[in-house]
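Input: a single structure, listed below in structure tokens.
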Amino acid sequence: MADLHVQNLSLTARILVNAEALNMAESVGNYTRHRKAPVVVPSESGYSIIYVPAVSGESLAHAYQTLLAHIASQKGLPVTEMDAQGFFMKFSDENIIKNYYAKELAKALKAKDEVEALDMLKKLELAEVEKTILKTSVVADVGGFLYTEKLVKRTSAIRFAYLIPALDALITGGASLSPQLHVRYTPEAKKGEQALFYVESSSALYTLTAQLVISDIGKVSLDPRIRDEELEKQRASRIEAAIDALTVLVEGVLFGAKRTRYMPQWDVRSILVAYSRGPVEYNVSPGLTKDYMVKSYERAVALAKSLGNSLIVNMYGYNGEAGYLQEPVVKPEVKNVTFEKTSTPAEALSKAKEKVMSINKPLG
Numbered sequence: 001m002a003d004l005h006v007q008n009l010s011l012t013a014r015i016l017v018n019a020e021a022l023n024m025a026e027s028v029g030n031y032t033r034h035r036k037a038p039v040v041v042p043s044e045s046g047y048s049i050i051y052v053p054a055v056s057g058e059s060l061a062h063a064y065q066t067l068l069a070h071i072a073s074q075k076g077l078p079v080t081e082m083d084a085q086g087f088f089m090k091f092s093d094e095n096i097i098k099n100y101y102a103k104e105l106a107k108a109l110k111a112k113d114e115v116e117a118l119d120m121l122k123k124l125e126l127a128e129v130e131k132t133i134l135k136t137s138v139v140a141d142v143g144g145f146l147y148t149e150k151l152v153k154r155t156s157a158i159r160f161a162y163l164i165p166a167l168d169a170l171i172t173g174g175a176s177l178s179p180q181l182h183v184r185y186t187p188e189a190k191k192g193e194q195a196l197f198y199v200e201s202s203s204a205l206y207t208l209t210a211q212l213v214i215s216d217i218g219k220v221s222l223d224p225r226i227r228d229e230e231l232e233k234q235r236a237s238r239i240e241a242a243i244d245a246l247t248v249l250v251e252g253v254l255f256g257a258k259r260t261r262y263m264p265q266w267d268v269r270s271i272l273v274a275y276s277r278g279p280v281e282y283n284v285s286p287g288l289t290k291d292y293m294v295k296s297y298e299r300a301v302a303l304a305k306s307l308g309n310s311l312i313v314n315m316y317g318y319n320g321e322a323g324y325l326q327e328p329v330v331k332p333e334v335k336n337v338t339f340e341k342t343s344t345p346a347e348a349l350s351k352a353k354e355k356v357m358s359i360n361k362p363l364g
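Last residue of the sequence shown? That's 364 in full-length UniProt numbering, and every number before it is there in order.
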């Protein structure tokens, strides 16, 4: 029987996005620039570096945690007021906790008031500090935090790569940046009242890659032996909320800035979602090339074989680039690595969630 210690959900999607300004990096005069990132591109003569439009992993993580806060709150899970407002300071030091989190902390510690709660926190061991913060905020649980007063660090269970254009699209010219002229107009057109300004917009076939470490959610990382009845009862709901937030983020491209006037024209062209259980994490190959599904499946088969079949991987893929994007040839004899084709991106995400929740059932 496989070791189910590490549970990991990974996904990669190729999303066609037109006319977006999702991540603006700086303003120079009246010109607002789109974020760019260096990418190595292969060519016949070797490799070269080009700068391409990008959306930072931090931007994606902020949007994800905002969605998580709303979804978790609807499920009756602990969410702080700062989480709900989209401020993720996450108990970083004593002053931050005193000014923004003392009320919720007092509830988690069952203290008589905020002063007693802060005093109790100072006396706790490191692992107990982590447990207390987990009980105070699902966002801190899934998104991680660093409490600098005692150097209590919890690594985020949700991880995002930069959103960058697919390599095959870059090679054929499928990514572009262009400044768009805008005008602030006044009735009398007086000097100093009117203004011209430029916003750099982008269009590209982007690759979104993310990972959610299911087995970390609702558990104290500094001391896995610690058990808490409240956390254990909430664990299945916390996992479900974390997956739902990721699903909404991907399905609706609900991230980025300037959406009021640069709402992106988007289409999820393909997606691959993998749920793995075993002694190590398994992540799908990024959707940078047309053979990413094949690579992901073959890597999973090879890794499972090298680990003595102690790794189980269930894959769900949607291919909206039929005739171009390559699909894996499933090996029926390999029972612990599966690939199921779906008719929509939402179905791939839904089937993966269903599999995860069948393993992580609510207590009672």
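For every residue, glycine included, the Cβ atom is placed at its ideal position computed from N, Cα and C. As the structure is a computational prediction, the values presented were derived from the model and not from experiment.
- The three-state reading of DSSP puts Ala166 in coil, since its state is none of H, G, I, E or B.
- Across the set Ala84, Asp83 and Thr136, the C-alpha of Thr136 shows the shortest separation from the C-alpha of Lys107.
- Counting every other CB atom within 10 Å of its CB across the protein chains shown gives Glu104 a total of 16 or more, marking it as buried.
- Remark: three or more beta-carbon pairs, one from each stretch, lie closer than 8 Å, so the region 236 to 245 and the region 74 to 92 are flagged as touching.
- Rounded to whole angstroms, Thr186 and Glu26 show a C-alpha spacing of 26 Å.
- Straight through space, the alpha carbons of Asn99 and Met89 are spaced by roughly 11 Å.
- When beta bridges are read from the DSSP output, Gly278 appears opposite Val6.
- Taking each of Ser215, Gln180 and Leu212 in turn and checking the Cα distance to Ser203, the smallest one comes out for Gln180.
- Residue environment analysis places Gln7 among the buried positions, since at least 16 neighbouring C-beta atoms fall within 10 angstroms of its C-beta.
- Restricting attention to Ile271, Ser350, Thr132 and Asp113, the CA atom closest to the CA of Glu229 is found in Thr132.
- Between Val183 and Tyr262, the gap from beta carbon to beta carbon reaches 9 Å or more.
- Per DSSP, the unbroken beta strand (DSSP E) holding Ala175 starts and ends at Ala175 to Arg184.
- Nearest to Leu177 by alpha-carbon distance, out of Pro53, Ser358 and Tyr292, is Pro53.
- Burial check for Gln194: the Cβ neighbour count within 10 Å stays below 16, so the residue is exposed.
- Annotation for Val115: the continuous alpha helix (DSSP H) segment containing it runs Glu114 to Lys123.
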